[in-house]
Amino acid sequence: MAYSKKVIDHYENPRNVGGLDATDPLVGTGLVGAPACGDVMKLQIKVNDEGIIEDAKFKTFGCGSAIASSSLVTEWIKGKSIEDAATIKNTEIAQHLSLPPVKLHCSMLAEDAIRAAIEDYKKKQKIAA
Amino acid sequence: MRNRPIYLDYQATTPCDKRVVERMLPYFTEDFGNPHSRSHAYGWSAEEAVEAARSQVASIINADEKAVIFTSGATESNNLALKGVAHFYKDQKNHIITCATEHKCLLDSCRRLEQEGFKVTYLPVQPNGLIDLEDLKAAITDKTVLVSIMAVNNEIGVIQPLAEIGKICRNAGVFFHTDAAQAVGKIPIDVEAMNIDLLSISAHKIYGPKGIGALYVRRKPRVRLLSLISGGGQERGMRSGTLSPALCVGFGEACVLAQKEMASEALRLKALQKRFYEEITKELDEVYLNGDLDQRIPGNLNLSFAHVEGEGLMMGVKELAVSSGSACTSESLEPSYVLRALGVEEEMAHTSIRIGFGRFTTEEEMDFAREKLVKEVKRLREMSPLWEMSREGIDLKSIQWAAH
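Going down the list, the sequences are from chains A and B. Residues in the first sequence are numbered consecutively from 8, following the numbering used here. Residues in the second sequence are numbered consecutively from 2, following the numbering used here.
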């Protein structure tokens, strides 16, 4: 399979690989996918008082397109409010990376990861309040 | 090498040996005759070349040359063996036994026969990839016409116990077919000693040209089959169509070379295999070999690198031409059915890489490949949430994963 230049770039130079302290009430963690399906994404966000995502980190088990999709979304969501981040669509990710149809699920997984991280953050905030 | 990746996919195909190509060339130009033309010297000369090639192919499996039928390749040979025998004997017997890890072309032929009303038993394999002979004995009934078990598996390179299977089949009065596409030229095959009744070969797996193969069909005791292709009745009526003398000659020469060089080549490849496997398991934790190590051809390693997805890994080792059992490399998105049949967990099947090496692979290339893989596996593990969790002692099976 031929990969697009953008996929190769994110695969070879992934942005924001790593982790944030999952116990921090300001950090939301999303873990989506399944090992049996061949891809798992962990996306973490750190949200400040104004509801802005000030940091994002990821780790991904998966093919090049899955790694690129998660790397890309960490770039996109940094500096966005959680409301705006939640509006990112898998189609935008797929289009930006020129994913072929057989790889569309990678972009869907990245969208799911953002939502899961935001949900986790909101849940923690409720408990804290 | 024109900046191309190192070729480590010898189970997919092999480069044609230059000595083979040289022998083939005259048969495209000067010696272009139709081997079935009986009325002039062009035909006679082509026929002579084809028959010499037939005996060279027969020799590598210790067969009677009259029992060797040229086909377009092992896929056709497997189709002809399965469907041909099943159809010929369908009034007396309707049961076939094969195994879960066979090549797609064989399994697909079986499915077709099932649709026609034949019964097929798919034997499971043990975790090392080999069938249990007791399972085979138990599966044979008085309705069984054919047992078809591959000699060497194309993904994991394991060698089935052919002589034992042959003995069981002969004693039970059941024909034994083996798909030997990955075995011929790699390990000694003897249709007499192993009681093999039908055997499929492919030329391009043994440094011969693509587009030709053979089916051995035993004459004593005679195996009969219904042909798939109607026509002029060439190849003893079992496979009509004009033969290509150039392809036949190339196939024959490939067999001659393989027979002559098999022993020394096997020793050399065994050493490469051992070095690669021992070193990579020293340099990386959690590397698992799929399939038996000892009952295995020397030119194959199939390794699972835990917590690193296979296609992602292949993208990182673009200097190497390898293949993966990962779902992502197939249109179906299902991981390798061969690995699944071994009982390899789906997750581990996704992390597998097949390294196939052969006649033209050097030690330097194998060392380079290993270093490249080690480096990339380490990089991707640093990026893998599963690797992180397993390092933290989290049991990945205890997590409720959302399937998608």
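Glycine residues also receive a C-beta, built at the ideal position from the N, C-alpha and C atoms.
{"Query": "Complete runs of the alpha helix (DSSP H) confined to the segment 288-368 of chain B [at least 4 residues]", "Result": "311-317, 338-342, 347-351"}
{"Query": "Nearest-angstrom Cβ-Cβ length linking E346 (chain B) and C70 (chain A), presumed shorter than 8 Å", "Result": "Between C70 (chain A) and E346 (chain B) the Cβ distance is about 18 Å, and since that is not below 8 Å, they are no contact."}
{"Query": "Min CB distance P108 (chain A) to chain B below 8 Å", "Result": "no"}
{"Query": "Assigned secondary structure, E61 (chain A) (DSSP; H/G/I helix, E/B strand, else coil)", "Result": "strand"}
{"Query": "Positions along the segment 59-82 of chain A whose CB lies within less than 8 Å of some CB in chain B", "Result": "K66, T67, F68, G69, C70, G71, A73, I74"}
{"Query": "C249 (chain B) beta carbon near the ligand PLP (any heavy atom closer than 7 Å)", "Result": "Of ligands this structure carries none, so the ligand PLP is not represented either."}
{"Query": "The segment 384-402 of chain B: positions lying closer than 7 Å to chain A by Cβ", "Result": "M384, S385, P386, L387, E389, L397, W402"}
{"Query": "Proximity test, Cβ basis, 8 Å: Y128 (chain A) and chain B", "Result": "no"}
{"Query": "Interface flag, V34 (chain A) vs chain B, CB-CB below 8 Å", "Result": "no"}
{"Query": "G26 (chain A) in three-state terms, based on DSSP", "Result": "coil"}
{"Query": "Cα-Cα separation between L9 (chain B) and K275 (chain B), rounded to whole angstroms", "Result": "16 Å"}
{"Query": "contact_flag[the segment 34-51 of chain B, the segment 379-394 of chain B] where n(CB pairs < 8 Å) is 3 or more", "Result": "no"}
{"Query": "Where S327 (chain B) meets chain A, residues with beta-carbon distance less than 8 Å", "Result": "G45, C70"}
{"Query": "8 Å Cβ cutoff, H351 (chain B) in contact with chain A", "Result": "yes"}
{"Query": "Beta-carbon gap between S228 (chain B) and G238 (chain B) smaller than 8 Å", "Result": "yes"}
{"Query": "Below-8 Å beta-carbon distance, L27 (chain A) vs any chain B residue", "Result": "no"}
{"Query": "Between the CA atoms of C106 (chain B) and Q132 (chain A) - distance to the nearest angstrom", "Result": "57 Å"}
{"Query": "Q51 (chain A) - containing beta strand (DSSP E), residue span", "Result": "46-54"}
{"Query": "Delimiting residues of the alpha helix (DSSP H) encompassing L83 (chain B)", "Result": "75-89"}
{"Query": "Buried or exposed (CB count within 10 angstroms, at least 16 for buried), M2 (chain B)", "Result": "The pLDDT assigned to M2 (chain B) is 49, lower than 50, so where the model puts this residue is not dependable; a value taken from the coordinates is nonetheless given after this. So M2 (chain B) counts as exposed."}
{"Query": "C-alpha distance - A47 (chain B) paired with T99 (chain B), whole-angstrom precision", "Result": "38 Å"}
{"Query": "M367 (chain B) to E118 (chain A) span [Cα, whole Å]", "Result": "40 Å"}
{"Query": "Beta carbon proximity, E77 (chain B) to chain A, threshold 8 Å", "Result": "no"}
{"Query": "F33 (chain B) - partner residues in DSSP beta bridges", "Result": "Paired residues: none, contrary to the question."}
{"Query": "Three-pair Cβ contact test at 8 Å for the segment 200-209 of chain B versus the segment 183-192 of chain B", "Result": "yes"}
{"Query": "Closest residue to A215 (chain B) among B:N79, B:S391, B:H308 (Cα-Cα distance)", "Result": "B:N79"}
{"Query": "V21 (chain B) vs A255 (chain B) beta-carbon contact at 8 Å", "Result": "yes"}
{"Query": "CB contact flag (G300 (chain B), K187 (chain B), <8 Å)", "Result": "yes"}
{"Query": "Candidates B:R269, B:Q296, B:F306, B:K271: closest to T282 (chain B) by CA position", "Result": "B:F306"}
{"Query": "Chain A contact for M25 (chain B) (CB, 8 Å cutoff)", "Result": "no"}
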